[in-house]
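Here the structure is laid out as structure tokens; the discussion comes afterwards.
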Amino acid sequence: MANIMICNLQKIVLYETKARFYVIGSNNTEDIFRVLKIDRTEPCDLHISDDKLEYSRSEVQNLLRTLEVGNRPKQQGQKGTAGLARTVSAFGILGFVSFLEGHYIILITKRRRVAVIGGHTIYKIEDSSMVYIPNDACVAAKVPHPDEARYVRNFQNVDLSSNFYFSYSYDLTNTLQHNLTPVIGVPSGTKEPHGPQVYRPQPMMKFVWNAFLWSHACKNVHPDWVTYIIHGFIGQANVCTFGRSIYIALIARRSNQFAGTRFLKRGANSEGYVANEVETEQIVHDASLTHFKRGHYTSFVQVRGSVPGMWSQDISNMVPKPPINLDMADPYARLAGGHFNQLLGRYGSPVIVINLVKKREKRKREAILSEELESAIKYLNQFLPPRHSIRYIELDMARFTKNPKLNVINRLDAIADMVVKQTGLFLSGPHIEPSLPVRPQARCVYPNADDCFTFIKQMGTARTNCVDCLDRTNTAQFVIGKYALGHQLFCLGVVDSTTLKFDTDAVRMLEDLYEDMGDTLALQYGGSQLVHSIRTYRKVSPWTSHSRDIKQTLSRYYSNTFSDADKQSALNLFLGVFRPHLKGPSLWDLPTDYYLHHSEAAGQIINRPSYTQWFDIRNIQSLPLPFNELEKSLSQQDQSAILQSTPPAECIDPYFDYYRPAELTSLQELFCSNMPHSVRDFMPKTAQNFSPFSVRVSQSKTKEELLSTDQKAAARVTAERLVTAGSPKTSSDLPSSSEGTSSTDEELSEPRSVANIGGKSRKQEIYMEDLFPTTKEVYGVAIQNPERQDISIYQRFVSVDLNSRSSCPDVHSVSGRVKRCMKRATRLIPNSVFSLDSSYEVTPPTLSRSSRAIYEAFVLKGMVGAQPVFCKDQDIYRKFVKYKSM
Numbered sequence: 002m003a004n005i006m007i008c009n010l011q012k013i014v015l016y017e018t019k020a021r022f023y024v025i026g027s028n029n030t031e032d033i034f035r036v037l038k039i040d041r042t043e044p045c046d047l048h049i050s051d052d053k054l055e056y057s058r059s060e061v062q063n064l065l066r067t068l069e070v071g072n073r074p075k076q077q078g079q080k081g082t083a084g085l086a087r088t089v090s091a092f093g094i095l096g097f098v099s100f101l102e103g104h105y106i107i108l109i110t111k112r113r114r115v116a117v118i119g120g121h122t123i124y125k126i127e128d129s130s131m132v133y134i135p136n137d138a139c140v141a142a143k144v145p146h147p148d149e150a151r152y153v154r155n156f157q158n159v160d161l162s163s164n165f166y167f168s169y170s171y172d173l174t175n176t177l178q179h180n181l182t183p184v185i186g187v188p189s190g191t192k193e194p195h196g197p198q199v200y201r202p203q204p205m206m207k208f209v210w211n212a213f214l215w216s217h218a219c220k221n222v223h224p225d226w227v228t229y230i231i232h233g234f235i236g237q238a239n240v241c242t243f244g245r246s247i248y249i250a251l252i253a254r255r256s257n258q259f260a261g262t263r264f265l266k267r268g269a270n271s272e273g274y275v276a277n278e279v280e281t282e283q284i285v286h287d288a289s290l291t292h293f294k295r296g297h298y299t300s301f302v303q304v305r306g307s308v309p310g311m312w313s314q315d316i317s318n319m320v321p322k323p324p325i326n327l328d329m330a331d332p333y334a335r336l337a338g339g340h341f342n343q344l345l346g347r348y349g350s351p352v353i354v355i356n357l358v359k360k361r362e363k364r365k366r367e368a369i370l371s372e373e374l375e376s377a378i379k380y381l382n383q384f385l386p387p388r389h390s391i392r393y394i395e396l397d398m399a400r401f402t403k404n405p406k407l408n409v410i411n412r413l414d415a416i417a418d419m420v421v422k423q424t425g426l427f428l429s430g431p432h433i434e435p436s437l438p439v440r441p442q443a444r445c446v447y448p449n450a451d452d453c454f455t456f457i458k459q460m461g462t463a464r465t466n467c468v469d470c471l472d473r474t475n476t477a478q479f480v481i482g483k484y485a486l487g488h489q490l491f492c493l494g495v496v497d498s499t500t501l502k503f504d505t506d507a508v509r510m511l512e513d514l515y516e517d518m519g520d521t522l523a524l525q526y527g528g529s530q531l532v533h534s535i536r537t538y539r540k541v542s543p544w545t546s547h548s549r550d551i552k553q554t555l556s557r558y559y560s561n562t563f564s565d566a567d568k569q570s571a572l573n574l575f576l577g578v579f580r581p582h583l584k585g586p587s588l589w590d591l592p593t594d595y596y597l598h599h600s601e602a603a604g605q606i607i608n609r610p611s612y613t614q615w616f617d618i619r620n621i622q623s624l625p626l627p628f629n630e631l632e633k634s635l636s637q638q639d640q641s642a643i644l645q646s647t648p649p650a651e652c653i654d655p656y657f658d659y660y661r662p663a664e665l666t667s668l669q670e671l672f673c674s675n676m677p678h679s680v681r682d683f684m685p686k687t688a689q690n691f692s693p694f695s696v697r698v699s700q701s702k703t704k705e706e707l708l709s710t711d712q713k714a715a716a717r718v719t720a721e722r723l724v725t726a727g728s729p730k731t732s733s734d735l736p737s738s739s740e741g742t743s744s745t746d747e748e749l750s751e752p753r754s755v756a757n758i759g760g761k762s763r764k765q766e767i768y769m770e771d772l773f774p775t776t777k778e779v780y781g782v783a784i785q786n787p788e789r790q791d792i793s794i795y796q797r798f799v800s801v802d803l804n805s806r807s808s809c810p811d812v813h814s815v816s817g818r819v820k821r822c823m824k825r826a827t828r829l830i831p832n833s834v835f836s837l838d839s840s841y842e843v844t845p846p847t848l849s850r851s852s853r854a855i856y857e858a859f860v861l862k863g864m865v866g867a868q869p870v871f872c873k874d875q876d877i878y879r880k881f882v883k884y885k886s887m
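Residue numbers (the working numbering): 2 to 887.
The following block contains the structure:
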């Protein structure tokens, strides 16, 4: 079987001459080089020359030396005496772009590590550079177009340093399950004479955000030059379980189809691509083994996206909640069918739709979308096999949240249990036991693997949506991810139960990851962070969070009103949805971009599916497995993707890439040392239990959570009555057992200050000990009066300073008298060479004659000079020089 890796160039240097750009690329070890030549004499067209050969270090140095000599000016004193100039250093090429004049090359100039998966490093783009290719002579000979600079500014409005990610050796556009799925069509165990086969997989172009930038140049260059990036969010944390590191990675891939801002991109386009579609993958693996194909890996994938239909919201008159309009009737659910056909082909069955939109409203608004989605799924399910039908679950999350008697988290837990049991998890590695029943089609045979190796696929996915697919969707995905995390850790042998409780270090880390992901996706789509966080729906957020919610609401309103149009124009230009032409209209003159995202509106002819066979027959035949993975084979046109790794070093070396032995680094600077850590960042300093799966709450809070709702209410009423009343309260004022509460101190630990203690009734005063827990409850140690022996030791300690002061009459006088017995007990005997050695005064000691002579000789050397050298010393120096010259 071929090794599935991507062989990219990691270090790039751009050299400049008057006629060409020379791009020198090398791998991380800088022993394999490639050269790219870009013509600068053409003002408009892009000419790239790549010989697709590998060079050694000495060959590249000779090439650069030849170019420098050959491009020197013939006349001395001419400007620009250097024939070859080094322009910029980079870590990758993002592509090439042109507007109305010449082309630009876009380079990655800064990067930062954000995750490690099986030795493969994932980077975030921190900075980029955009270099104009034509030389000064071409620019001077041509009148610049007045709109060129404006297009450049619009293009640069897409901040590449904001949540764009790439990897040299890991395919970020596909899931871990797809990347580890063996390639069919390559004989297993075969080796060519020159080395093992390396297969370069095809990326999922739906999640490649610089596909347009490489569309013209990708065919002319070696694949090592091409660096694909994704947009969304990537975060990773380390759950340390008694020294065993378990990495949790969260990857959110945003689709580049029908991409845009909140109110400008709603529903779906004519090809079935929905707005704000994000694929979320939760990867949990054992970091103690970094081998990619023999390690212990688990993953769970879920999707979010707008309601598939032709609907929009009128924002001409901005109001907090614009009305929802159905722009086109779709009785045969063509748009929804195209979307679900994509989901079946990528994830298999079942596809579980979790609709969180409001169902009952005084005036129909969100309910319109619920009715449209439900009717579309009912129509589509008529033509699917019953065992592969689309599952539909609806939950009015807003109503559950507002009702104090309903618990939305418990309801989502029940949905998560059903989802994970039906779709399963992806498991890969030796000695991994699944925690759920496995369908026969999910268990696969991995080539060249022993009997103990487990390879189980996830079949199907959960598709969650609300109106914006931001706040409510993020909370629902977190609850499903929390439930899946319990099963993932159980399969890895970390925990003995699949149930994880809230307020544990592991769940708090996962909650932070989902909060960061939700805030990032909300900024990208809605213009602000999450308005309602996960803790808001858990009903544990502090009252200060209300001001944050108001702030985020105003920020989202401002962004939707004033900046969404510019963001949408920048995305259309960056993704190639709009391509400038000299004779065409300008981007800013378009009244709408509707026809850019809807091929039917642009006049393009598309093949409409049948009203009954709305799906691709190949997708249905491969169910419940996804067609994309079932047909992961090498056809005749894909044979060029097989490379011969002549030395194996051309592929990524995980050890060298991780530790970087050629660079001077420290352990504190390694990425895994700075990764969020459960012990360092989440475990309380006073924790007695070091497990990241233990609940971190105080004892009083734990007792309070054990009380039922009626008991809490009765205890609260009793406490208020005792505080406000003026007369002493006794145990008769407490509610009786018939009222649903108990009057024992063990069950009602919170109002213990107003109960009878020691047979004596207290008055209405409340003391500090009544409001705060005791030191015994918090630290496990009670404060007691010191014993007589401890007091005597302390008195002796205090008398040390008193005696030292009394022995120095010239120092501050000490008031008070010290007992004679205490003076004898604390007599100090100086052990120093100084006659007087205290914190107030020091008397220097006397020196011997020999020491004084050595010091005087040292001073005389500085005044007079060095003394004559002895013959013995001269011989030693001659031998030293003789051996050094040899």
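All C-beta atoms, glycine included, are put in the ideal place defined by N, C-alpha and C.
From a predicted model like this one, the values you see are computed outputs, not experimental measurements.
query: Host alpha helix (DSSP H) of Leu576 (start-end); result: Careful: Leu576 lies outside any alpha helix (DSSP H) and carries neither H nor E.
query: Beta carbon of Met518 nearer than 7 angstroms to that of Ala238; result: no
query: Check whether Val696 and Thr499 have beta carbons under 7 angstroms apart; result: no
query: Enclosing beta strand (DSSP E) for Lys12 [first to last residue]; result: 12-17
query: Where Gly306 sits in the DSSP three-state scheme; result: coil
query: Opposing strand residues paired with Ala218 [DSSP bridges]; result: Beta-bridge pairing links Ala218 to no other residue.
query: Range of the contiguous alpha helix (DSSP H) that encloses Ser376; result: 368-382
query: 7 angstroms Cβ cutoff met for Cys445 and Phe427; result: no
query: Nearest-angstrom Cα separation, counted from Phe234 out to Thr521; result: 7 angstroms
query: For His121, the first and last residue of its enclosing beta strand (DSSP E); result: 121-133
query: Burial state of His533, where buried means 16 or more other Cβ atoms lie within 10 Å; result: buried
query: Span separating the alpha-carbon of Ser170 from that of Leu10; result: 10 angstroms
query: Secondary structure of Val354, DSSP reduced to three states; result: strand
query: Segments of 3+ residues assigned as beta strand (DSSP E) that fall wholly inside the segment 394-468; result: 427-431, 454-457, 462-466
query: Asp331: first and last residue of the uninterrupted beta strand (DSSP E) it sits in; result: It is not in any beta strand (DSSP E) - Asp331 carries neither H nor E in the DSSP assignment.
query: Span of the beta strand (DSSP E) around Val779; result: Where Val779 is concerned, there is no enclosing beta strand (DSSP E), although the alpha helix (DSSP H) it sits in stretches over 776-780.
query: Enclosing beta strand (DSSP E) for Arg21 [first to last residue]; result: 21-27
query: Helix, strand or coil at Gly241 according to DSSP, with G and I counted as helix; result: According to the sequence as given, residue 241 is Cys; it is not Gly. DSSP places Cys241 in strand when its eight states are reduced to three.
query: Bridge-paired residues (DSSP) for Gln283; result: Leu251, Phe301
query: Cut-off 6 angstroms between Cβ atoms - residues of its own chain near Thr613, not counting five sequence neighbours on either side; result: Phe384
query: Burial state of Trp210, where buried means 16 or more other Cβ atoms lie within 10 Å; result: buried
query: CA nearest to the CA of Phe1, picked from Arg347, Arg154, Phe881; result: Nothing about residue 1 can be reported from this structure: the residues present for the chain run from 2 to 887 only.
query: Proximity winner among Glu69, Met205, Pro44, Asn221, relative to Pro135 (alpha-carbon distances); result: Pro44
query: Presumed contact (8 angstroms Cβ cut-off) between Ser1 and His223, rounded CB distance; result: What is shown of the chain runs 2 to 887, which leaves residue 1 out entirely.
query: Identity of the residues DSSP links to Trp615 by a beta bridge; result: Looking at the DSSP assignment, Trp615 forms no beta bridge with any residue, so it has no partner.
query: Residues near Ser246 by beta carbon distance below 7 angstroms, same chain, minus five either side; result: Asn239, Ala288, Ser289
query: Trp589 classed as buried or exposed, judged by whether at least 16 other C-beta atoms fall within 10 angstroms; result: exposed
query: Euclidean distance between Cα positions of Gln489 and Asp497; result: 11 angstroms
query: At least three beta-carbon pairs within less than 8 angstroms, the segment 265-279 to the segment 293-302; result: no
query: Rounded straight-line distance, which links the Cα of Leu524 to that of Val279; result: 14 angstroms
query: Residue range of the unbroken alpha helix (DSSP H) whose run includes Arg536; result: 535-539
query: Cβ pair count under 8 angstroms reaching 3, the segment 345-356 against the segment 615-624; result: yes
query: Nearest neighbour of Thr476, chosen from Asp452, Gly425, Ala399, Val14 [CA to CA]; result: Ala399
query: Segment contact, 8 angstroms Cβ cut-off, at least three pairs: the segment 354-372 with the segment 456-474; result: yes
query: His340 versus Asn164, Glu372, Val302, Leu381, residue with shortest Cα-Cα distance; result: Leu381
query: Burial state of Ala715, where buried means 16 or more other Cβ atoms lie within 10 Å; result: Residue placement at Ala715 cannot be trusted, given a pLDDT of 49 that sits under 50; what the coordinates show is reported in the next sentence. Buried, by the Cβ-count rule.
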